[in-house]
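Here is the structure we will look at, set down as structure tokens.
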Amino acid sequence: MAGIADFLDSLIGGFALICFCFAVGSLFWGLFVLRPWQHEAAYTPALLERTVKILYVGGFALAGAQLFKVFLKIWLMAAVLEKWPFPEFAETTQFIGGIVRALLTVGLACYCRFILSKNPASQQYWQTACLMALPMIISGAWLVHAAGRFDNPVVLMGLTVIHQLGAAAWIGGVFHLVNIWIMRSQSKIAPELWPMLLKRFSHFGMASVGVILLTGLPMAFQYIDSWNGFIGTGYGNLLMVKIILLGLALSLAWLNKTAVQDYFASRNGHTLNYRLPYYIEAESFVLITLLFTAASLASQPPAIDIPNLTASWQEVVNMFAPQIPRIASPTHQDLIAGEAGRVAIIGQVPSEAATAWSDYNHNISGIFLTTMSLFAMLSYIRLPASLSGLERYLAYCTRYWPIGFVGMGIFLFFRSDAETWPLGPIGFWESTFNNGEVLQHRIATLLVFTLGVLELIARLPKNQNSKMPYFFPILAAFGGLMLLTHSHVGFQAKSAFLIQVGHTFMGVLSLILACGRWLELKLDKPGKDIAGFISVAAMFQIGLVLMFYREPLY
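Numbering (our numbering), first residue to last: 3 to 556.
Here's what the structure looks like:
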């Protein structure tokens with residue numbers, strides 16, 4: 003069961019950050035954006051009730067996630083050490099800080115549930131809730147990297163807490179904008195509240211992003227001391243991903259800000275009502291993924307602490323160099339023969355057969371994806387009227403390119419982790435529940451197959467106007483999230499990091515694919531076609547990364 007615990011540990015941190023943004027972000031939203039004591043007549047009871055509910059539900063969920071994280075640590079230590087970790091673990095900062103934060107969060111959530119919810123328009127009660135949240139927020143300083151530093155720990159702990167507050171203010175506000183749009187669509191609030199709250203949040207969001215940048219930069223310079231540390235370590239690599247995701251989110255936020263400005267200048271509500279809500283939804287995809295990336299970053303040792311495990315920028319760039327795909331695989335017997343050396347705890351010897359087997363799997367998967375992408379690109383071409391019936395039929399068939407995902411899923415089912423069932427000697431349940439990497443591979447394989455089946459069904463004429471097409475971007479975003487949280491071992495060998503680089507880059511591209519497809523389904527023309535083509539182009543790039551993939555032999 004250690005495999006399940008290891009996998010869940012990589013996800014629960016991201017979930018806890020989402021809950022933190024719901025709880026703390028809702029406080030900022032109520033105090034600085036909604037300000038119900040000034041505009042009580044404009045707000046419906048349903049809006050105030052929903053706002054407070056998001057706050058206390060986020061608080062209870064955060065407390066549960068914090069306790070679950072402590073439980074997972076106990077589970078993992080018991081599995082690895084093969085003994086009960088108490089009473090030693092009970093004396094650690096992680097245990098004490100985790101329990102204290104959970105209790106403080108429960109106190110905040112109870113106050114909001116039973117007191118603030120009955121007085122949602124009172125400034126005094128909102129301020130009291132903020133004061134009650136303060137100890138919970140500060141307690142998080144003992145659960146971050148900075149708490150274990152010898153140099154400037156207090157300064158770094160303070161910067162980390164303020165950084166988290168800036169993120170919670172921005173991301174929590176975006177979540178509330180999604181809620182406002184849903185309520186407006188359901189006619190539960192006055193239509194004029196939508197542009198008004200968007201304008202208010204626009205200024206508040208910019209200030210929040212400023213806080214994120216002002217606190218993030220000094221921390222980055224403290225934890226990364228060289229260009230190679232930024233490029234050639236797991237910490238630096240995930241920080242780079244955070245920066246890319248932040249750039250994507252800010253790009254969408256700029257579209258939102260521009261739409262609001264245009265509305266108040268011209269009073270033309272088309273973009274405000276038929277495009278901007280979907281930009282905000284796509285921004286939510288990006289920000290949720292950013293939070294999971296931040297959680298993975300927290301599990302990595304800072305680059306400054308691992309100079310001997312740092313790859314050069316040349317080695318990193320070489321991982322993406324074009325190469326002839328491997329289309330011949332070693333035998334399964336050769337693979338199994340090399341497993342003993344590859345998985346040894348001490349003196350690991352890379353198995354050439356296992357490396358070639360992995361390269362073949364990735365390269366063939368890349369050929370699947372690039373071929374599908376080309377067919378998908380063809381489906382966007384407007385057909386001339388002069389085409390014959392057969393040509394038009396073949397062109398029509400290009401829209402069913404997702405069948406490639408089905409074939410790819412079947413291929414990976416037999417080829418991925420071939421030392422385990424169905425080809426290898428290790429049983430299905432034993433390998434799945436005792437190896438986090440195998441568990442993630444199996445989920446990814448199922449995800450690929452399911453993605454193909456659901457998207458094929460969604461493209462049938464009878465399902466064009468159903469909810470089926472939305473499964474594709476949701477599953478693609480989840481796949482990207484898995485790639486970004488995939489097997490991030492703390493003090494990993496340089497070769498393991500170089501493999502990780504490709505996974506994280508594909509994770510970012512998967513998110514772009516998901517956002518593009520989501521906007522294609524939601525927007526009108528010409529944005530619809532542009533977003534769809536960007537989505538397919540991202541899939542093509544993933545295919546190229548896989549097609550040129552090579553595992554390092556050291």
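Every residue, glycine too, gets a C-beta built ideally from N, C-alpha and C.
Asked                                                                                                                                                                        : Found
What whole-angstrom Cβ distance do T506 and V243 have, given they're in contact under 8 Å?                                                                                   : 5 Å
Taking A143 as the reference, give the member of R103, T53, W520 with the closest Cα.                                                                                        : R103
Just how far apart, CA to CA, sit L299 and A63?                                                                                                                              : 22 Å
Taking the alpha carbon of G61 as the point to measure from, which residue in F97, L69, L110 has its own alpha carbon closest?                                               : L110
Is the beta carbon of A533 closer than 8 Å to that of E522?                                                                                                                  : yes
I20 and L74: beta carbons closer than 8 Å?                                                                                                                                   : no
For the 8 Å Cβ check, are there 3 or more pairs between the region 214 to 232 and the region 285 to 295?                                                                     : no
Whole-angstrom Cβ separation of T434 and L441, contact assumed at under 8 Å?                                                                                                 : 5 Å
Between T46 and I191, how many whole angstroms is the CB-CB distance? I'm expecting something under 8 Å.                                                                     : 6 Å
With the cut-off set at 8 Å, would you say I501 and E439 are in Cβ contact?                                                                                                  : no
What are the start and end residues of each continuous beta strand (DSSP E) run of 3 or more residues lying completely inside the region 374 to 461, in chain order?         : none
Do I245 and I306 have their C-beta atoms within less than 8 Å of each other?                                                                                                 : no
Indicate the three-state DSSP secondary structure (helix, strand or coil) for L548 in the structure shown.                                                                   : helix
Is the Cβ-Cβ distance between S204 and G168 less than 8 Å?                                                                                                                   : no
Quick one, which of Q40, V318, A135, R328 has its alpha-carbon nearest F550's?                                                                                               : R328
Any idea if W31 is buried or exposed, counting beta-carbon neighbours within 10 angstroms, 16 or more meaning buried?                                                        : buried
Would you call A255 buried or exposed, if buried means 16 or more other Cβ atoms sit within 10 Å of its Cβ?                                                                  : buried
State the Cα-Cα distance for the pair Q543 and I366, rounded to the nearest angstrom.                                                                                        : 15 Å
On the criterion of 16 or more Cβ atoms from any shown chain inside 10 Å, does I557 qualify as buried, or is it exposed?                                                     : This structure gives no information on residue 557, because the portion of the chain shown stretches from 3 to 556.
Using a threshold of 8 Å, state whether the C-beta atoms of G99 and L145 are closer than that.                                                                               : yes
Return the chain-ordered list of same chain residues with a C-beta closer than 6 Å to the C-beta of L257, the five sequence neighbours on each side being excluded.          : Y281
Quick one: grab the DSSP three-state call for Q302.                                                                                                                          : coil
By DSSP, does P1 sit in helix, in strand, or in coil?                                                                                                                        : Given that the chain is displayed from residue 3 to residue 556, the structure contains no residue 1 and the question cannot be resolved.
As a quick exercise: from G16, M198, L380, T295, pick the residue whose alpha carbon is nearest that of H41.                                                                 : M198
Given N121, which residues of its chain have a CB within under 8 Å of its CB, disregarding the five upstream and five downstream residues?                                   : Y127
How about Q302 and Y237: do their beta carbons lie closer than 8 Å?                                                                                                          : yes
Which value, in whole angstroms, describes the spacing of the CA atoms of P87 and G66?                                                                                       : 21 Å
Which residue marks the beginning of the alpha helix (DSSP H) containing W315, and which one marks its end?                                                                  : 315 to 320
Leaving aside the five residues before and after F407 along the sequence, list all residues of the same chain whose C-beta is less than 6 Å from its C-beta, in chain order. : V450, L453, G454
Helix, strand or coil, according to DSSP, for H205 in the structure here?                                                                                                    : helix
Looking at the unbroken alpha helix (DSSP H) that takes in S128, where does it start and where does it end?                                                                  : Residue identity differs from the one stated: residue 128 is Trp in this sequence, not Ser. Here the alpha helix (DSSP H) through W128 covers 125 to 141.
Using the beta-carbon count (16 or more within 10 Å), is I429 buried or exposed?                                                                                             : Sequence inspection shows Gly at residue 429; the Ile mentioned does not correspond to that position. Looking at its Cβ environment, which holds fewer than 16 other Cβ atoms inside 10 Å, G429 is exposed.
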